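With this note's numbering applied, the sequence shown covers 550 to 1034. Heads up, the beta-carbon is just placed ideally off N, CA and C, and yes, glycines get one too. This structure is a prediction, so every number in the text was calculated from the model and none was measured. Please read the structure below before turning to the comments.
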Amino acid sequence: MRLYEILEGLSTKLPDCEITGVCNHTDKLQPGMIFICIKGLRFDSHALAEQALEQGAVLVVVERDMGLGDRQIIVEDTYKARGDLFAAWYGHPERELRLIGVTGTNGKTTTSTLIRELLTRAGRKVGLIGTVQIEIGDEILPSSATTPDPDLFFSLLRRMADAGCQDAVMEVSSFGLDQQRIGPAHFAAAVFTNLTQDHLDIHGTMENYYQAKKLLFERCDFALINGNDAYGRRLFDEIGCEKATYGIAEDGLPEFDAMASEIALSTDGTKFLLKLFAIIMPLSMRMTGLFNVSNAVAALAVGKRLGVPVSVMKDLLLDYAGVRGRCEIIPTALDFTVVCDYAHTPDAVEKILQSLRACTVGRLICLFGCGGNRDAAKRPKMAKAAAKYADLLIVTSDNPRDEDPLAIIDDILAGLTDTDVPYQTEPDRAEAIYLAMKQAKTGDVVVLCGKGHEDYQIIADNVHLHMDERELVADAAKRIFAERM
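Below, the structure is given as structure tokens:
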């Protein structure tokens, strides 16, 4: 690609030349590349601008004068320039796809996966970018971030477009929006699921977190907003694009454009009455939980907006079991139920326990922990949320990272000082799962919160240890069977 093809409005006095790539990491820098200096959370790579030129960069993109003359382009925001340059380098694949984005604290994965499934069953070839995995048609790739950095993001969109995908459905994180990882991408439809406390170690305040999420709705044609959520109602009033509301019927709130009512939950599935704009119909689905009803309504409303037939919607809900690690029932052949869920915020924990409380015959046992090197303020709030509906709490480790697991547990327990819900602590998550299951009786439900789809645990120095809760549950079940013999 030629220099002036990629710059698109950024002026330089350099003569036109062949560009070999774009990067913002010196370990990826090759001669002929454009190097983008980023002021990150821990390091400002402007310090590497001169080194990048010495390594063969054609020019550097900076936010301040680095004294490099014609070899630098000064811009207001190198995060924005990074997204724009990678989009241009990959030939603007975002212009060749119909983009659908889902943002919010909870529900992004299930909602986006349901939308992808609806569009696929309607006969379209669809790509998916999300927390659990990346899909390019039938090809499945691992995911390392909810919204990848621009280099990977636009390379994935390019692969999708080249593979014949017509749509790309993606989870859009607050990080991805704040750091402008999605570049100039514009969305045909965008969904706001909710906003509850999370990531304050990065954003600092809930207001900053909200403003980051709001950025998605400045670049979409149609916005679907959760009317049950207070931030959603605020967002609805503040955005100017075409918009609609969705949610679950709630006293004191007006009817939503897409709305579920008369909801009947069980561990085998859910029935509800759906109002879908001008259509009213009874529906059944295999997934359970009020939060999954809300996710399903959002997906169906987007599907309707994008032309998916109602018959496709009904068929999908009847046979779709849900996303791995999202209210996933792990089979054990024991006389109680084990559920695995990714809930790792106070709101998510409260919602899954509230939903399962409604269909639990016996006790509700909740196992959870909190991640290390993350928002510590939410730890006692996690405990309070769990104590609201559970009959027994098992407090354990999540991803401790560089923190002492016992110190994290102490932070959690601070939220249980004014509750009489019994609790036990066990920092070894495998032993904690066995402890929870060993105490379960007929009709009980054991909920494992926090890990969900993850098959690893992150400990010191970013070491990823293999740990799949499905395997841990199977091991615990074997021990329990042996003890009962």
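Contact between the region 758-771 and the region 923-936 is absent: fewer than three C-beta pairs spanning the two stretches fall below 8 Å. Contact annotation: the region 605-613 does not touch the region 670-680, with fewer than three C-beta pairs closer than 8 Å. For the pair F1030 and V898, the Cα-to-Cα distance works out to about 29 Å. With contact defined as three or more Cβ pairs closer than 8 Å, the region 863-883 and the region 647-661 are in contact. Per the C-alpha coordinates, the member of F736, G838 and P699 positioned closest to D817 is G838. The residue among T909, Q600 and D959 with its C-alpha nearest the C-alpha of D576 is Q600. Straight-line measurement puts the Cα of K1027 at about 44 Å from the Cα of I649. Rounded to whole angstroms, V857 and A798 show a C-alpha spacing of 24 Å.
Straight across, the Cα-Cα distance linking Y628 with L556 is about 15 Å.
Here DSSP, grouped into helix, strand and coil, assigns Q621 to strand.
Here the alpha carbon of P580 sits roughly 18 Å from the alpha carbon of E554.
Residue pairing by DSSP puts L822 in a beta bridge opposite S810 and P831. When Cβ pairs closer than 8 Å are counted between the two stretches, the region 1004-1018 is seen to touch the region 947-956, the count reaching three or more.
Note that the C-beta distance between R730 and G632 is below 8 Å. By the Cβ test, the region 988-998 is not in contact with the region 844-856, since fewer than three Cβ pairs between them sit closer than 8 Å. Scanning its chain for C-beta atoms nearer than 7 Å, with the 5 sequence neighbours on each side dropped, one finds around R906 the residues L913 and Y938, in chain order. Straight through space, the alpha carbons of V996 and I901 are spaced by roughly 9 Å. Counted as a single uninterrupted DSSP element, the beta strand (DSSP E) harbouring I585 occupies residues M582 to I585.
In chain order, L648, I649, G650, L765, R768, C769 and D770 place their CB closer than 8 Å to the CB of F736, counting only its own chain and leaving out the 5 sequence neighbours on each side. Residue state for L1014 is assigned as strand, using DSSP reduced to three classes. Secondary structure of A606 (DSSP, three-state): coil.
Counting along the chain, P954 sits inside the alpha helix (DSSP H) bounded by residues P954 to L962.
Annotation: A936 to Q903 spans about 11 Å, alpha carbon to alpha carbon. Around the beta-carbon of R978, 16 or more other beta-carbon atoms lie within 10 Å, marking it buried.
The residue among L705, G618, L677 and V1022 with its C-alpha nearest the C-alpha of A882 is V1022. An exposed status is given to D884, since fewer than 16 other beta-carbon atoms sit within 10 Å of its beta-carbon.
If you compare the alpha carbons of A985, L822, L646 and P642 with that of E811, the shortest gap goes to L822. Comparing C-alpha distances from I957 to each of D967, E980, T968 and A932 shows the shortest one belongs to A932. Per DSSP, the unbroken alpha helix (DSSP H) holding T669 starts and ends at K657 to R670.
Per DSSP, I568 lies in no alpha helix (DSSP H) and is assigned neither H nor E. Taking a C-beta distance under 8 Å as the contact criterion, T742 and N655 qualify as a contact pair. Looking at R551, L941 and H574, the one whose alpha-carbon comes closest to that of P564 is R551.
Apart from sequence neighbours up to five positions away, the residues of its chain that approach L867 with a beta-carbon distance below 8 Å are S833, M834 and R835, ordered along the chain.
Only residues of its own chain outside the window of five on either side were considered, and among them C889, L997 and K1000 have a CB closer than 6 Å to the CB of E1018, listed in chain order. By the neighbour-count definition (other C-beta atoms within 10 Å, threshold 16), H1002 is a buried residue. The criterion of a C-beta distance shorter than 8 Å is not satisfied by V571 and L617.
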